[in-house]
RNA sequence: GCCCGGAUGGCGGAACUGGUAGACGCAAGGGACUUAAAAUCCCUCGCCCCUAGGGUGUGCGAGUUCGAUUCUCGCUCCGGGCACCA
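In my numbering, the protein residues as written are 1007 to 1838.
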């Protein structure tokens, strides 16, 4: 039952919230203006996928963003605070199949519903800039960017292994393969070689890594995750001659210092030279069936646990270019084709994987780096030694320290033309092709005569077929729709076929923040003038689950758009706040756990302001927030107390009048002081680290002072001016968190202005200063007494007072005083 | 395995650059108002000891310091990320 039905003491949040939401919307209060007299501030929350309805995570994310937006407006900034929809993606296809509807229909219905929910929360968005990425007016520009990237050689095609379901005739993302079977039809998934489009993100690897240093407004955690994801390694790449063969086997190592300890070579099962090695080879059949087996195993295991190390001798040898030593070549299941060269020089003495492999197959262990204070002996080593040390048995390099030897050996390789230093990244190029319907079509055409041809920019957008064919599934992939893919070649005019893959939905979210700066611009993807006015985003807020992919892709796109001439920035997000999850009963809210709290219910029962207030008050933004129903009631109670106070004192507050400091009585002085202290602290809490939880606490303290000072009949009464000062400031300080509530109370006591027109209050340092201080007296570091002293006391006087203090003297008890430490205006410590 | 975080009352959380531990809220207990309940208001609230008062206390163990939740070293537990990356 709604609380406001049962008691007239409760303020009518429904009426108030509706009133102000309508007011803001019809007045375009939050339209971002082109006001060059004000400094710009762009605050952005990660836009939602229109899944159906908002959840508590959204409420938290958007409340945080809204407080920042509103705070910055009060501070006099020209604020851009837009919202939109990341609206391509698989759930729409699933829902369409389930409801026999169309993905577009489902998506736009959800957007309408969720937009309404966001409005009910009173979020101060500039709705005139709203975008939906599934709209051709958005993806048209994405297709143009794609073509310009193609032009610049940042896009290319290649063939890779993908998960394929035979019955659904589609590629599946890794997440859609459940225990080796298709999630939709249970058919066993197969590995298939498929052609796809890739973005050359690796071309930007070095810059993406280096520029992390510029991001001092990002959490260290996210920086570290990105750094690890890019995974830069520096080392030696060199070639081993294959015995009785013209080919060479190229390897990459970060430990060139151990090259004299190589006792065998491991190559990946997919290594391209493997077939060459097996020509006219008696072991060929055995090796081939082994290779088949481990490829199967890899597929089944996916990326999960480590499998046991396995391998097989190919019957062939290669020679170490440094000492000519012949070493056997093995195929090993732990060597990745996708990293380095797909071949690894094996040094069992100094690499744990090689060690285990050598032990299993009885291969030699040859230590060549002796760490200080050890005496490695191959015979009794139980694990690899990975410590640095002095090189032994390494010809002319023996005696060198391993760190120094790394460079010396690389130099040697370069001089003798057997190898060179090399940098390898863990980061791979970004495969963007998806064999799905509900995504942005890739604007390319295949002509038998002319090959792959880009769609002409004037012919964009390449739109998704919207027809709902009764015979077909409404979201059948594009390769099943002749009317879509049959076209003519832009070059020769002959018959040709469109690319039928759509883009990964991460592409849309990689540049939407830039499109918000000119969302209706019709000449090109971005209006450069607007983009450079607003970008970079000053404050970006979202879940840490996007720490790697979305943020990395957005950084990549920013650099690409810069190189295409659209942007003049290197990094998109100046400051990043990763908010914690909303938890209930110790777990993330989820349908399967049955611990979800629906924001709709909260808004119905307590109103948007209370809902926002609780989500801001219960924890600092970066930490997880534990749901507590009683805590929401506490927040509701707080707002009601303020409401009641303002109602009862309305006449006095309106009468208000000017504050004359000289004539304040002691109670008035105390409230005046508390007001200014509160302004100072709340401002500090927001400025420093967006700790709204403590900011709200401060406002609560102010209100507690106000109500106890005004309620105490024993004391001198408070005049209207000082109450008015306290309330006016309290409302502004609280209004970023509870905007409707504060706007309404403000309007109740001011006829000539709205709260939005106000400036953030400033504090008077003089007024905020305490005139009495509590000084702690310690004896040997333990608190023994407290003294009330005038605020302007000096150290000498303080020391004198402390040494006369009776409760402290008790603990000195005749002992000699060795030292007295006085901390200005804080404490005196007497050491005996 | 490697790399990041974190640990403070019954609970969520405060504590500026080392200087009164527990702000604010929740819960709990007591009281006022009420025929009663709800709402509201007031008081108490880390633990231990016999009160005045004292002892003890920020995951554990050391250290630096007049003084450590805060700094250093060594652990334990929890959370997250990456994971055969050569």
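Note that beta-carbon positions come from the ideal geometry of N, C-alpha and C, so glycine has one too.
Boundaries of the alpha helix (DSSP H) harbouring residue 1112: 1109-1126, taken from the DSSP string. For residue 1834, DSSP records a beta bridge to 1783, 1828. Cβ atoms of residue 1022 and residue 1644 stay farther apart than 8 Å, at about 16 Å. Residue 1076 is not bridged by DSSP to any residue.
Between the alpha carbons of residue 1458 and residue 1509 lies a gap of roughly 17 Å.
In the three-state reduction of the DSSP assignment, residue 1748 falls in the helix class, which pools H, G and I. In the DSSP assignment, residue 1385 falls outside any beta strand (DSSP E), carrying neither H nor E. In the structure shown, residue 1064 adopts helical secondary structure according to DSSP, grouped into three states. With fewer than 16 other beta carbons inside 10 angstroms of its own, residue 1285 counts as exposed.
Of 1374, 1276, 1291, the smallest CA-CA separation from residue 1347 is found for 1276. Going by C-alpha positions, residue 1400 is about 33 Å away from residue 1212.
As for any alpha helix (DSSP H) of minimum length 4 sitting wholly inside the segment 1574-1637, the runs are 1605-1612, 1614-1623, ordered along the chain.
At a Cβ-Cβ threshold of 8 Å, residue 1412 and residue 1262 count as neighbours. In the displayed model, residue 1444 falls within coil according to three-state DSSP, outside both helix and strand. Listed in chain order, the beta strand (DSSP E) elements of length 3 or more contained wholly in the segment 1212-1237 amount to none.
DSSP places residue 1712 in the uninterrupted alpha helix (DSSP H) bounded by 1698-1717.
In the displayed model, residue 1290 falls within a helix according to three-state DSSP. Between the alpha carbons of residue 1331 and residue 1325 lies a distance of about 5 Å. Take the alpha-carbon of residue 1197 and the one of residue 1637: they are about 52 Å apart.
Under the three-state reduction of DSSP output, residue 1730 falls in the helix class. Selection 1583, 1776, 1027 evaluated against residue 1684 yields 1776 as nearest (Cα-Cα). Cβ contact annotation for residue 1376 (same chain, cutoff 7 Å, sequence separation greater than five): 1382, 1395, 1396, 1398, in chain order. Counting only unbroken stretches of 3 or more residues, the beta strand (DSSP E) elements lying wholly within the segment 1028-1066 are 1046-1051, in sequence order. DSSP places residue 1687 inside the alpha helix (DSSP H), whose first and last residues are 1672-1695. Taking 8 Å as the cut-off, the Cβ atoms of residue 1652 and residue 1659 count as close. Assignment of beta-bridge partners to residue 1256 by DSSP yields 1245.
With respect to residue 1493, residue 1482 sits apart: the two C-beta atoms are not nearer than 8 Å.
For residue 1516, same chain residues with a beta-carbon under 8 Å away, outside a window of 5 residues either side, are 1556, 1559, 1560, 1562, 1563 in chain order.
For the set 1318, 1243, 1265, 1281, the Cα lying nearest the Cα of residue 1272 is the one of 1318. Partner residues in the beta bridge of residue 1270, as assigned by DSSP, are 1352. C-alpha of residue 1805 to C-alpha of residue 1784: approximately 11 Å in a straight line.
For the 8 Å CB-CB criterion, residue 1496 and residue 1468 do not form a contact. Using a 10 angstroms sphere on the CB of residue 1156, the tally of other CB atoms reaches 16 or more, which defines it as buried. The beta carbons of residue 1585 and residue 1024 sit no closer together than 8 Å.
Bridge partners of residue 1509 according to DSSP: 1439. Between residue 1548 and residue 1052, the CB-CB gap stays under 8 Å.
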